[in-house]
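Visitor: I have a structure here, written as C-alpha cells, and I will follow up with some questions on it.
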Amino acid sequence: MRKTRFVATSASSREGADTPEQTEPAGGLRKRTLVAGVSMGVGALLCFVLSAGFSGGHSTVSDTAAPEISSLQEQIKITEAKTAALPKADDAERGLTAALTAAGQVAKLQNNYRYLTPSVAANGGTLDTATSQSTLRNLIPYFAPSVHQADLGPWYLLASDKDVAAGVGIPRSFNSGFEWVAQVPHLVNDDSSITVTWLAMETRTGAGEKPAVLAWARADYDVVRKAFVNIQTGTTATGEALKQEVKAP
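Just so we're aligned: the sequence shown equals residues 15 to 263 in my numbering.
Right, here's the structure in full:
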C-alpha cells in the first residue's frame with residue numbers, strides 16, 4: 015500500500031486540502047463515455063485518408079501517401095477496438111451506483127474502528143486484533159484478495175478519542191470528532207474500473223468554520239469482480255498533527 019501525505023504550502027493550497035470535495039446525489043452521476051468523440055475521430059481520419067490517398071481524380075494511391083494511409087488505417091482499427099470496449103451508458107450508470115454503494119459500506123465499517131481508540135491508547139498505541147476482527151471480517155468481502163488485510167485496518171484514528179472512556183461507556187451516538195465519508199464517483203476509467211475516494215472529515219467545528227479534511231483513502235472499484243483494488247491512504251497536514259499513532263500488534 016502506497017501512503018502519501020498532503021502538505022499545504024500556502025493559504026490557498028491549505029484551503030483546498032482541508033475543504034471537502036463537493037458531492038452530488040447518486041442520480042446525477044456522470045459517465046465518461048467517449049463513443050461520440052471516438053466516432054467523430056474515426057470519421058475525420060477516414061476523410062483524411064480519402065483526401066490524402068487519392069490525387070488527380072485517379073483511383074490509385076500514390077507511393078508517397080501509401081505508408082501514411084497504412085498508419086492511419088491502423089490507428090482507425092485501434093480506435094474502433096477501444097470504442098467497442100467502452101461500457102454502454104446503462105452499464106456505466108450501474109457500475110457507478112454499485113461503486114458508490116460499496117464505498118458507503120466501507121466508510122461505515124471504517125467508522126466502526128473509532129470506538130476502539132480508547133483501548134488503543136491504553137495499550138500504548140497497539141490495536142487489539144481480537145476486538146477489531148469483527149470489523150475486519152466485514153471489510154474483507156469488499157476488497158480483492160490482492161489487497162492485504164493489514165491495509166484494511168483503521169485508516170485514521172484521532173488522538174483526542176483516547177480521552178473518551180473505553181468499553182460500554184461509549185454511547186452509540188459517540189462523536190469521534192471525525193467521520194469517513196465516501197465521495198460520489200463520476201468517471202469510468204478506460205479499463206472499466208471506477209476510482210473512489212473517501213475523506214475523513216472533521217465533525218467538531220466552530221460557528222462558520224468549514225470542516226477540515228484529516229485523512230483520505232482511494233481505491234479502484236473493479237466492476238467485473240465487484241471489489242476494490244489498488245488501495246492508497248494518507249493524511250493531510252492538519253490530520254497528521256492530530257492523529258493517534260497505531261502500531262502493528
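Beta carbons: idealized from backbone N, C-alpha and C, even for Gly.
Which residue marks the beginning of the beta strand (DSSP E) containing Gly-248, and which one marks its end?
Guide: The residue labelled residue 248 in the question sits at position 234 within the sequence shown. Here the beta strand (DSSP E) through Gly-248 covers 241–250.
Visitor: On the DSSP letters alone, give me the boundaries of the alpha helix (DSSP H) that Leu-150 sits inside.
Guide: In the sequence shown, the residue the question calls residue 150 occupies position 136. First-last of the alpha helix (DSSP H) with Leu-150: 143–153.
Visitor: By how many angstroms is the C-alpha of Asp-234 removed from the C-alpha of Ser-160?
Guide: Position 146 of the sequence shown, counting from 1, holds the residue named residue 160. Position 220 of the sequence shown, counting from 1, holds the residue named residue 234. Each residue's Cα considered, the two are about 12 Å apart.
Visitor: Spell out a yes or no on whether the region 131–142 and the region 193–209 are touching, meaning 3 or more CB-CB pairs, one atom from each, closer than 8 Å.
Guide: Taking 8 Å as the limit for Cβ pairs, the verdict is that the region 193–209 does not touch the region 131–142.
Visitor: Looking only at C-alpha atoms, which of Arg-218, Ile-245, Thr-217, Pro-155 sits nearest to Trp-230?
Guide: Start at 1 with the first residue of the sequence shown, and residue 230 comes out as number 216. That would be Ile-245, whose Cα lies nearest to the Cα of Trp-230.
Visitor: Given Asp-175, which residues of its chain have a CB within under 6 Å of its CB, disregarding the five upstream and five downstream residues?
Guide: As a first step, residue 175 is located in the sequence shown; it is residue number 161 there, counting from the start. Thr-131, Ser-190, listed in sequence order.
Visitor: Looking only at DSSP bridge pairs, what is Asp-236 linked to?
Guide: In the sequence shown, residue 236 corresponds to position 222, counting from 1. Bridge partners of Asp-236: Ser-207, Ala-241.
Visitor: Using 10 angstroms around the beta-carbon of Ala-214, count the other beta-carbons present and answer buried if the total reaches 16, otherwise exposed.
Guide: Residue numbering aside, residue 214 sits at position 200 when the sequence shown is read from its first letter. Classification for Ala-214: buried.
Visitor: Taking buried to mean at least 16 other C-beta atoms within 10 Å of its own C-beta, is Val-134 buried or exposed?
Guide: Mapped onto the sequence shown, residue 134 falls at position 120. Val-134 is buried by the Cβ-count criterion.
Visitor: What's the gap between the Cα of Glu-88 and the Cα of Arg-151?
Guide: The residue given as residue 88 occupies position 74 in the sequence shown. The residue given as residue 151 occupies position 137 in the sequence shown. For Glu-88 and Arg-151, the distance between alpha carbons rounds to 49 Å.
Visitor: Buried or exposed: which applies to Ser-84, given that a residue is buried once 16 or more other Cβ atoms fall within 10 Å of its Cβ?
Guide: Stepping through the sequence shown from its first residue, residue 84 is reached at position 70. Exposed.
Visitor: Using CA coordinates, which residue listed in Glu-107, Ser-207, Trp-169 is at the minimum distance from Lys-257?
Guide: Working through the sequence shown from its first residue, we reach residue 257 at position 243. For the residues Glu-107, Ser-207, Trp-169, the minimum Cα distance to Lys-257 belongs to Trp-169.
Visitor: Could you tell me the alpha carbon to alpha carbon distance between Glu-254 and Thr-115, rounded to whole angstroms?
Guide: Looking up residue 254 in the sequence shown gives position 240. Looking up residue 115 in the sequence shown gives position 101. Approximately 29 Å, taken between the alpha carbons.
Visitor: Going along the chain, which residues of its own chain have a beta-carbon closer than 6 Å to the beta-carbon of Pro-225, five neighbours each way excluded?
Guide: Position 211 of the sequence shown, counted from the first residue, corresponds to residue 225. So the qualifying residues of the chain are Met-215, Glu-216, Thr-219.
Visitor: From Phe-192 to Arg-128, what distance separates their C-alpha atoms?
Guide: Position 178 of the sequence shown, counting from 1, holds the residue named residue 192. Position 114 of the sequence shown, counting from 1, holds the residue named residue 128. Going from the Cα of Phe-192 to the Cα of Arg-128 covers about 9 Å.
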